[in-house]
Amino acid sequence: MSSVTSSAASLPQGFIPVMLTPFLETGEVDYEGLKALTDLYLEAGAAGLFANCLSSEMYELSVEERLKVTRTVVEHTAGRVPVVATGTFGGPIPEQAQFVKRIYDTGVQAVIVITGLLADEDESDEVFIQRAKELISLTAEVPLGFYECPVPYKRLISSEVLAELLPSNRIIYHKDTCLDIEEVIRRIKVAEGYRFGLYDAYMVNATASLKAGAAGLSCIQGNIYPELIVWICKNYNNAERQEDVKALQSFFVESMDIVHSAYPIIAKYCLQKRGFPISTYTRRDVGELTADLQERADQLLDEVDRIQAALGIPSVFKKALEVPLK
């Protein structure tokens, strides 16, 4: 590790799940269910937690719900692992900076910046860099991260842009969605010497990214089969398990389509089927969980069971807290 100084501690290596938000059938946030879900991620072996993200339906939460969801996760985690959470939702940069501070006050280790909300799609990288530096200057010593969120549009942070912002020593997390392993490698390279971790969200490149030096994975698949994501983070470089690693990587590729269908409804359905008490209610309009999708999800879970048995991975869902739905 470099001697570069920073007020921000490095985030741990491994799986940092993008958390779901459980809802009651009334549409209200199920905070007791959120606590149980937090425990489930931790029992599975998560190295950290990403609360208040797109998987959490952050755009469909009110300002106060965003704060309460984040605070609930932080308080229930009680220091067991670090928590990060989104803190930018558009508007003038000073306004975004104010909410960054509010989210940070919940106790998170870093506040995540949505790249597509710092500059419009037709604006240049220079404009983005200028606004990012303004946000950094207005948020004191708050550790920050970037998320190349697909909503409102996916703005990629190239290795050149990253190199412009890393000297602030404030950027410690990056949820990478560039889908380009060569660019991932370049980003990791320019970040050498900084307290920075790249967490790939794209499971097609999971093993390759980890072997290139990614700090971990931050993917939606962890909301269906978290045990397998934890396993690959721990074993990707295990010389004795490379055939298993290759086979699991192939499964990630083959299951990509179904995992993204009607998400996050399908993830909540899969959690239900695996024994976790959660409603499939979502506020986001992501399409219908059709009978065909349910059948394909059931087949996916059968394959997950087969793979976990072959790898000797016990199901974390057998230990899930029994929190009844209200």
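Each residue of the sequence shown is one higher than the one before, starting from -14 at the first, in this note's numbering.
Heads up, the beta-carbon is just placed ideally off N, CA and C, and yes, glycines get one too.
Residue i - partner residues in DSSP beta bridges
i: His245; result: Answer is none; His245 lacks a bridge partner.
i: His61; result: In the DSSP output, where bridge partners are listed per residue, His61 has none listed.
i: Lys160; result: Tyr132 and Tyr184
i: Ala36; result: Ala70
i: Gly30; result: None, per the DSSP bridge assignment.
i: Val14; result: Phe8
i: Gly198; result: DSSP lists no partner for Gly198.
i: Phe0; result: Leu202
Distance CB(residue i)-CB(residue j) smaller than 8 Å
i: Phe35; j: Val215; result: no
i: Ser(-5); j: Gly182; result: yes
i: Gln98; j: Ala70; result: What sits at residue 98 in the sequence shown is Val, not Gln. Not closer than 8 Å, so no.
i: Lys160; j: Gly101; result: no
i: Leu274; j: Ser240; result: no
i: Ala197; j: Tyr184; result: no
i: Ile114; j: Gly130; result: no
i: Ala117; j: Leu103; result: yes
i: Phe8; j: Tyr266; result: yes
i: Thr62; j: Thr91; result: no
i: Ile217; j: Ser194; result: no
i: Glu42; j: Thr6; result: yes
i: Phe302; j: Arg259; result: yes
i: Val58; j: Gly33; result: no
i: Tyr26; j: Pro2; result: yes
i: Leu213; j: Ile292; result: yes
First and last residue of the uninterrupted alpha helix (DSSP H) at residue i
i: Thr265; result: Per DSSP, Thr265 belongs to no alpha helix (DSSP H) and is neither H nor E.
i: Asp290; result: Ala276 to Leu296
i: Pro211; result: Pro211 to Asn220
i: Cys204; result: Here Cys204 belongs to no alpha helix (DSSP H), and DSSP marks it neither H nor E.
i: Arg171; result: Ile166 to Val175
i: Ile250; result: Ile250 to Lys258
i: Ala148; result: Ser144 to Leu150
i: Ser235; result: Gln227 to Glu239
Give, in chain order, every unbroken run of the alpha helix (DSSP H) that is at least 4 residues long and sits entirely within the region 42 to 116.
48 to 62 and 78 to 89
With three or more beta-carbon pairs closer than 8 Å as the criterion, would you say the region 226 to 244 touches the region 42 to 61?
no
Inspect the CB distances between the region 159 to 173 and the region 218 to 227 and report whether three or more fall short of 8 Å.
Judged by pairs of C-beta atoms under 8 Å, the region 159 to 173 does not touch the region 218 to 227, as fewer than three such pairs exist.
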